[in-house]
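Number of protein chains: 2
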Amino acid sequence: MEEITKAQEEILRVLWEINEGAVADVVENLPNPKPAYTTVATVIKVLEKKGYVAHRKYGNIYVYYPVVTKKAYAKHVMKDAYKGLFNGSFHQLVSFFVKEKSVPISELEELKKLIEQEIKKQK
Amino acid sequence: MEEITKAQEEILRVLWEINEGAVADVVENLPNPKPAYTTVATVIKVLEKKGYVAHRKYGNIYVYYPVVTKKAYAKHVMKDAYKGLFNGSFHQLVSFFVKEKSVPISELEELKKLIEQEIKKQK
DNA sequence: TGTAATCTACTACATTTATAGTAGATCATA
DNA sequence: TATGATCTACTATAAATGTAGTAGATTACA
Chain V
1 MEEITKAQEE
11 ILRVLWEINE
21 GAVADVVENL
31 PNPKPAYTTV
41 ATVIKVLEKK
51 GYVAHRKYGN
61 IYVYYPVVTK
71 KAYAKHVMKD
81 AYKGLFNGSF
91 HQLVSFFVKE
101 KSVPISELEE
111 LKKLIEQEIK
121 KQK
Chain A
124 MEEITKAQEE
134 ILRVLWEINE
144 GAVADVVENL
154 PNPKPAYTTV
164 ATVIKVLEKK
174 GYVAHRKYGN
184 IYVYYPVVTK
194 KAYAKHVMKD
204 AYKGLFNGSF
214 HQLVSFFVKE
224 KSVPISELEE
234 LKKLIEQEIK
244 KQK
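Which chain is which? The protein sequence lines are V and A, in order. Reminder that position 38 of the first sequence reads as 38 in this note's numbering, one-by-one numbering, no gaps. Just add 123 to wherever you are in the second sequence, counting from 1, and you've got this note's numbering.
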């Protein structure tokens, strides 16, 4: 998976959000200050060349949609962070989060359940 | 915190690893194929300009060291991923990991403990 | 059916990156 | 102390990026 930059990622995010859309729809969903229509179009083209999005022609307009799912991308990003930043230790990653962000207790309870389930499953 | 690229991050990683070192030390710790000495020097300069590393002069050689800690950087990277990729839900992030990577049971047990402690602490 | 609006393709351009060479300073040692 | 090794500063350059304008095609509607 080829690397993408921040600007490119932002537009990819919009596409995940709206599932598919014309350039104008992407611009619409971008926060202010919105870049020019043509700027967005150019960035989308880059994403298309890199294989992150594709398009379909509805009548005469191009509707773009993500090819790389958010999940697949998350996996990619996380793999790097995981290995490089937490020495490949999931424990380190989680404890980092628990310490840095004060995770609400409700989430912690849920998490505990999730982990217990996983333990049971693996046994 | 200004964004850095992959190449820059790789060199920053080496500095975290060795704590501090001259350009030659960084080159040493880079995997093959090693870039040219001067390439590394240039990238370090970029990192310095962006405020990620600084240097000290020992005699006449420059010894570089990271200013941004691995932890601070991890925080930065994770914040983005967390918000953008997991909708700000820690639960989503963790369950993603548990599902995607098969986390060994020993880690899961540790994690469970960690979370239980945190729950207790918050109560 | 002509005119305004809209869309994509193509082009432009300044900036940043990645990569590395050269020159000049300095240091160690024969 | 002259010579080779090493270091930093400066310069170079191709490719990618971010940003956006223009032209030409097409469409919708007055």
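Glycine included, every Cβ here is placed at the ideal spot set by N, Cα and C. Values in this document were obtained by computation on a predicted structure and should not be read as measured data.
Exercise for review: Give the range of the alpha helix (DSSP H) segment to which V:Ala-24 is assigned.
Suggested key: 23 to 28
Check your understanding: For V:Lys-123, which of helix, strand or coil comes out of DSSP?
Key -> coil
Exercise for review: Specify whether the region 48 to 57 of chain V and the region 4 to 16 of chain V touch according to this definition: at least 3 beta carbon pairs, one from each stretch, less than 8 Å apart.
Suggested key: yes
Exercise for review: Flag this pair as yes or no: are the beta carbons of V:Val-112 and A:Glu-223 separated by less than 8 Å?
Suggested key: According to the sequence shown, residue 112 of chain V is Lys rather than Val. Going by C-beta atoms, V:Lys-112 is not nearer than 8 Å to A:Glu-223.
Practice item. With 8 Å as the threshold, decide whether the Cβ of A:His-214 is near any Cβ in chain V. Key: yes
**Study point:** Interface flag, V:Gln-122 vs chain A, CB-CB below 8 Å
**Key:** yes
Practice item. Using only alpha-carbon positions, find the residue among A:Tyr-181, A:Leu-231, A:Tyr-187, A:Glu-239 that is nearest to A:Val-149. Key: A:Tyr-187
Check your understanding: How would you call V:Met-1, buried or exposed, if buried means at least 16 neighbouring beta carbons within 10 angstroms?
Key -> exposed
**Study point:** Simplified DSSP assignment, three categories, for A:Tyr-175
**Key:** coil
Review point. Does the Cβ of A:Pro-189 have 16 or more other Cβ atoms within 10 Å, making it buried, or fewer, making it exposed?
Key: buried
Review point. Grouping DSSP H, G and I as helix and E and B as strand, with all else coil, what is A:Val-190?
Key: coil
Practice item. Can you tell me which of V:Glu-116, V:Gly-84, V:Glu-20 puts its alpha carbon nearest to the alpha carbon of V:Lys-57? Key: V:Glu-20
Point to revise | Sheet register partners of A:Lys-270 (DSSP bridge) | key: Residue coverage of chain A in this structure runs from 124 to 246, which leaves residue 270 of chain A outside it and unanswerable.
Exercise for review: Could you pull out every residue in the same chain whose Cβ sits closer than 7 Å to the Cβ of A:Tyr-205, ignoring the five residues on either side in sequence?
Suggested key: Gly-211, Leu-216
Check your understanding: Quick one: is A:Ala-130 near chain V, going by C-beta distance under 8 Å?
Key -> no
Review point. Skipping 5 residues on each side, what residues in its chain have a beta carbon closer than 6 Å to that of V:His-86?
Key: Sequence check: residue 86 of chain V is Phe here, not His. Gln-92, Leu-93.
Exercise for review: Would you kindly work out how many angstroms separate the C-alpha atoms of A:Val-146 and A:Met-201, rounded to a whole number?
Suggested key: 29 Å
Practice item. Output, in sequence order along the chain, the residues in the region 186 to 212 of chain A whose CB is closer than 8 Å to any CB in chain V. Key: Lys-193, Lys-194, Tyr-196, Ala-197, Lys-198, Val-200, Met-201, Ala-204, Tyr-205, Gly-207, Leu-208, Phe-209, Ser-212
Check your understanding: The alpha helix (DSSP H) spanning A:Val-137 covers which residue range?
Key -> 129 to 141
Exercise for review: Can you give me, in chain order, the residues of the region 136 to 151 of chain A that have a beta carbon less than 8 Å from any beta carbon in chain V?
Suggested key: Arg-136
Review point. If you draw a straight line from the C-alpha of A:Ile-152 to the C-alpha of V:Pro-33, how long is it?
Key: For clarity, residue 152 of chain A is Asn in the given sequence; the question names Ile instead. Roughly 42 Å between the two C-alpha positions.
Check your understanding: Excluding sequence positions up to five away, which residues of its chain have a Cβ less than 6 Å from the Cβ of V:Trp-16?
Key -> Pro-66, Lys-70
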